[in-house]
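Novice: This is the structure, below, for whatever I ask next.
Chains as they are written, first to last, in this note's numbering: chain W, 1 to 438; chain E, 439 to 721.
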C-alpha cells in the first residue's frame, strides 16, 4: 500500500515530490486566483457585450509615413486609455488598422475589408484627401461612420461632403481665413505660391490667393509635381516683386523646397510662410539654421512651453501618453519629430465616438444615423481628451472648429507661438446641409 | 528672360550630370548582364542613407562619399552572389527578383531609418551671383565630381585589363570564355560597380534633395528613360541623353509652366523611340 501511494506521487523537477491531490489543489487555487485577479484589473466582464471595433486606415508605407507613424501611435494610446477608463458604454474597444500605401484604390479595398471582414463599427484615419475621397462611396454605401484624420482639402466637408463622414479638424479654407490677414499685414502684399500640383496645393493657393487679391495684393501661383526633386526650375520663376513665398508640399519634397530656397539665397529677400502641414514631422534642424524667421500656421503648438497656460496640464498628460517630449520629439528617438498639429485628431476622435455612442444609445449599425447626428452636434470642452482646447462640431456640414496658432521659427530653431486665432473667427457659412440626408 | 535661360541651362547641365551618373550604373548592369535592375533606385537611396549615418558619426561629408558607395557596393556583391547569379540568364525572373530586392530595401530603411526625410548639410555653402539668383557652388562641385567619375569609368573600361574583359564579354560571351576571361567574376564586379555608381550618385544628390526611403522611386523612372533613349547598353549615349533631357526640361520651364515642360522631355523620348527604336546612339 505504501509503495502504491508512493507510485501515485510524481517526481518533481527539483527533487520535490508532489501528489496528484496537491497538484489539483494548487492548480485550482492558482486558476481561481488568476481569474479573480484578471477580474479585478480588467473593467470588462466575461460574457459582456461584444467589443466595439474601430477600423483605421493610415499612411504607414510609401509616403506621408511620418503621419502614419504618429497618428497610428496616438490612436493606440487613445484606445488603451479608453479601455482603462471602462471602454465605450461598458464595451471593450478594439482597433483594427491597415496601410493605405497612399493609394486610393488600395485604401478603398482596405476600407471594404474593414467593413465586410473585420466587421468594424466605425472607421477613422488617413491624412490624404485623395484617399478619403476614394472611400467616400463605400462609407455612403455601407452607412459606415468615417472620421478624417488630417486631410485638408476643403471640399471634403464642402462640395464633396457625404452624410457618414465628419472632420473634426481644420482645412485649407479655414487655414486661409486664419492666416492670410496676418501674413498680408506683416509679411507683404505680393505673394508667390509654389504648391504641389494636386487638390490640396490648389486649394491652399486658391483660398489664400483669392483673399490676397481681394485685398489689393498680388498672387502668383507656380505648380510643381508633389514628387519634385530639383526645385530650381520652379524657384527661378518666382516673381522678382514677390515679398512672400508660400510653399506647400508633403514629406521629402517639403524639406527639399525649403532647403533649396535657402540654397539659392531666396530666403534673404522673401518671407517664408506656410501651413504647418509642410513641416509637421520635420524638425527645423533638418532645414538648417537659415529656417529662422520662417512662419507657420499651426493647429497645435509643437513645444509644450508654447501651449496656452490653461491647456498645459492636459497637454502634459497627452504628451506622456503618446510618447511625445516637451520639444515635440519622439520620446524613444529624439531625431524623430512629431506631427503635433495633426495627431491630436486621433486622440480626440475615439473619445468623441464614445460621447456620441453614449448620447445616441447606439448599440449596433442600426443606429448609425442617430450616432452621426450625435457626433456632429458635439461640443467638446478642453480637457484630458481635448488637449488642443474646445472643439465645436457643426451638424450641417459635419465640420469641426478649433483654435489655430501662428508660429515663428526662432534662432534656436524652436517654434514660438506669436498669435492664437480663436475658432470663432474661423466660422464660415456651411457650404452644404447634410442634416436631412441621414 | 536671359537670366532665366542662363540659370536653366546651367542647372540643366548640373542636374543632367547627376542623372547621368545614376543612369550609367543602370546601363552598365543592363549592357553586360542583361539585368533590368529595378533595385537600382533603392541602391541610390541606400547610398544616401548610409552616408547620413556616416555623417552623423563623423560629421564629414567627404568621408561619407568615400564610405557609402563601398558599403553599398558590398551589398551589391552579396545580392549578386546570393540571389542574381543563379538567374542571370532569365531576364523576366531578374526583373521580379530585383523588384523584390527594391521593396525589401525600402521597407528595411523605413523600419530602421524612419519615414521622415532627413537632411545632409551642404559641405560647400558658398554661392555665386547669377542674375537674380544666388547659385550654389556645391551644385557645380557635384557636376565636376560626376564628370570626374565618368572620366574614371571611361578610363577603367577602355584602358584597363578588367575593362577590356568587360567589353569583351558584352561583345561575345562564349568567345570571352574560350579565351580565358573569368566571365563569372566579370559579372560579379559589374554588378558591384553598378551598385557603387548608384550609391555614389545618391550621396552626391542627398545634400540637394534630402534623404528619404522613397527617394529612389522617381529617380529610377527617369534613369530608365535616359537608358532607353540613349540606347540600352550604350554608356556615352546615357550621359549625353541625361544632359539633353535635363536641358529640355530646364529650358522648357522658362517658356511654359515647369510641370508642362515635363511633357517636352517625355515627347522627346516618344519621338526618339518612334524614329530610332534602338535609342539615339544605338544599343
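Even for Gly, the Cβ is constructed at its ideal location relative to N, Cα and C.
1. Tell me residue 96(W)'s beta-bridge partners as DSSP assigns them.
2. Going by beta carbon distance, what residues of the same chain come within less than 7 Å of residue 384(W), once the five residues before and after it are set aside?
3. Find the nearest neighbour of residue 413(W) within the set 97(W), 337(W), 176(W), 62(W), judged by alpha-carbon distance.
4. Considering residue 545(E), what are the terminal residues of the alpha helix (DSSP H) in which it resides?
5. Is residue 139(W) closer than 8 Å to residue 126(W) when the C-beta atoms are compared?
6. Using only alpha-carbon positions, find the residue among 706(E), 469(E), 676(E) that is nearest to residue 690(E).
7. Can we say the region 587-606 of chain E touches the region 455-467 of chain E, given the rule of at least three CB pairs closer than 8 Å?
8. Taking DSSP as the reference, what is the three-state secondary structure of residue 337(W)?
9. Would you identify the three-state DSSP class for residue 141(W), choosing helix, strand or coil?
10. Is DSSP giving residue 402(W) helix, strand or coil here?
11. What separation, rounded to the nearest whole angstrom, lies between the Cα atoms of residue 439(E) and residue 568(E)?
12. With a threshold of 8 Å between beta carbons, is residue 502(E) in contact with chain W?
13. How would you write the range of the alpha helix (DSSP H) that residue 677(E) sits in, first residue to last?
14. I'd like to check one pair, residue 478(E) with residue 661(E): are the Cβ atoms closer than 8 Å?
15. At the 8 Å Cβ level, is residue 574(E) part of the contact set with chain W, yes or no?
16. DSSP three-state call for residue 302(W): helix, strand or coil?
17. Do we get a CB-CB distance below 8 Å when we pair residue 527(E) with the residues of chain W?
18. If you draw a straight line from the alpha carbon of residue 462(E) to that of residue 684(E), how long is it in whole angstroms?
19. Since residue 277(W) contacts residue 152(W) with CB under 8 Å, what's their CB separation in whole angstroms?
20. So who's on the other strand from residue 383(W), going by DSSP bridges?
21. Please state whether DSSP places residue 76(W) in a helix, a strand or coil.
22. Distance cutoff 8 Å, beta carbons only. Does residue 336(W) sit that close to anything in chain E?
23. Name the chain W residues that come within less than 7 Å of residue 496(E), Cβ to Cβ?
24. Have a look at 404(W), 362(W), 396(W), 149(W) and flag the residue whose alpha-carbon is nearest the alpha-carbon of residue 390(W).
25. Using the Cβ count rule (16 or more neighbours within 10 Å means buried), how would you classify residue 712(E)?
26. Which of helix, strand or coil does DSSP assign to residue 408(W)?
27. Please list the partners that residue 445(E) has in chain W, where partner means a Cβ-to-Cβ separation under 8 Å.
28. Along the beta strand (DSSP E) that carries residue 313(W), what are the first and last residues, could you check?
29. Note the first and the last residue of the continuous alpha helix (DSSP H) segment covering residue 664(E).
30. Going by the DSSP bridge assignment, what does residue 295(W) pair with across the sheet?
31. Between residue 347(W) and the rest of its own chain, which residues show a CB-CB distance below 6 Å, the 5 nearest in sequence each way excluded?
32. Given this structure, state the Cα-to-Cα distance separating residue 365(W) from residue 169(W), to the nearest angstrom.
33. Are the C-beta of residue 374(W) and some C-beta of chain E separated by less than 8 Å?
34. So is residue 698(E) buried or exposed if we call it buried at 16+ other beta carbons inside 10 Å?
35. Is it right to say residue 35(W) is buried, meaning 16 or more other beta carbons lie within 10 angstroms of its own, or is it exposed?
36. Cβ of residue 634(E) within 8 Å of Cβ of residue 511(E)?
Specialist: Looking at the atomic coordinates:
1. 55(W)
2. Contacts found: 314, 317.
3. 337(W)
4. 529-551
5. Remark: C-beta atoms of residue 126(W) and residue 139(W) do not approach each other more closely than 8 Å.
6. 706(E)
7. yes
8. strand
9. helix
10. coil
11. Their Cα atoms are separated by approximately 13 Å.
12. Not closer than 8 Å to any Cβ of chain W, the Cβ of residue 502(E) fails to qualify, so no.
13. 673-693
14. yes
15. Cβ-Cβ to chain W under 8 Å: yes for residue 574(E).
16. coil
17. no
18. 15 Å
19. 6 Å
20. 386(W)
21. helix
22. yes
23. None at all; the shortest Cβ gap to chain W is about 17 Å.
24. Measuring from the Cα of residue 390(W), the nearest candidate turns out to be 404(W).
25. exposed
26. Under the three-state reduction of DSSP output, residue 408(W) falls in the strand class.
27. 232, 236
28. Careful: residue 313(W) lies outside any beta strand (DSSP E), inside the alpha helix (DSSP H) at 312-322.
29. 653-668
30. 273(W), 408(W)
31. 74, 78
32. 25 Å
33. So no, residue 374(W) is outside the interface.
34. exposed
35. Reliability fails at residue 35(W), whose pLDDT of 46 lies under 50, so the model's placement of it is uncertain and the value that follows must be treated cautiously. It counts as exposed.
36. yes
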